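Working notes, structure below.
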Amino acid sequence: MKKYRALFVCLGNICRSPAAEGIFRKLVEDQGLSDIIKVDSAGTAGYHTGELPDSRMRQHGARRGYEFDSYSRMFVEEDFDYFDIILAMDDNNLRDIIRLAPDVESQKKVHRMVEFSQRYGHDHVPDPYYSGADGFELVLDLLEDACEGLLNAIKEDICMEKHKKKRLE
Ligand code: 4NP
152 MKKYRALFVC LGNICRSPAA EGIFRKLVED QGLSDIIKVD SAGTAGYHTG
202 ELPDSRMRQH GARRGYEFDS YSRMFVEEDF DYFDIILAMD DNNLRDIIRL
252 APDVESQKKV HRMVEFSQRY GHDHVPDPYY SGADGFELVL DLLEDACEGL
302 LNAIKEDICM EKHKKKRLE
């Protein structure tokens, strides 16, 4: 069966996108979908390449039962080949990702994370790096909500693909 690959992208890949990756991975595992849905994260800047997520993000995540343990890496043009969907945390991330897109098909893979929000009306996931504890908690609230919405959308997409394939057989 075809795998579905999702990439979360922020600026430094040490706060928002590794949190999104960890939250989404747990949802996927809990629903027994790890063989089908693959997850990764990256940053548009390389300031923190090779680092674990920010210790504040890890602590806030751990209190909710998550383990954020991916190493920071930069987003690269080749990511457009590998991933089916690319989720930007804010409009600066979106612009920097789209700038690297080689064609229109690649551009279409890029979405704002908040497009998948169900209960929140925020227009972006705010950078918590210079904020206090509240900023980190808000990021987790927004990401838990949008990750749920994203997984529902991906499951619908996978079902539609299966249906189309069946029809053509
Ligand atoms: P992130 O947060 O983009 O959510 O990983 C940031 C991390 C580091 C910096 C900015 C944002 N920084 O300027 O070093």
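Those letters in the sequence shown? Residues 152 to 320, per our numbering, in order.
Every residue, glycine too, gets a C-beta built ideally from N, C-alpha and C.
Quick caveat, the model's predicted, so the values are computed rather than measured.
Of the listed residues the options, nearest to residue i (C-alpha basis)
i, options, result
"residue 164", "298, 292, 181 and 224", "224"
"residue 261", "267, 239 and 269", "239"
"residue 206", "195, 218, 182 and 196", "218"
"residue 172", "201, 220 and 183", "220"
"residue 222", "197, 237 and 234", "197"
DSSP three-state assignment for residue i, whether helix, strand or coil
i, result
"residue 238", "strand"
"residue 287", "helix"
"residue 219", "coil"
"residue 163", "coil"
"residue 203", "coil"
"residue 192", "strand"
"residue 275", "coil"
"residue 225", "strand"
"residue 252", "coil"
Distance between residue j and residue i (C-alpha atoms, nearest Å)
i, j, result
"residue 265", "residue 273", "7 Å"
"residue 302", "residue 152", "17 Å"
Beta-carbon separation (whole angstroms), residue i vs residue j, contact threshold 8 Å
i, j, result
"residue 211", "residue 288", "6 Å"
Residue i CB to nearest heavy atom of the ligand 4NP below 8 Å
i, result
"residue 280", "yes"
"residue 196", "yes"
"residue 166", "yes"
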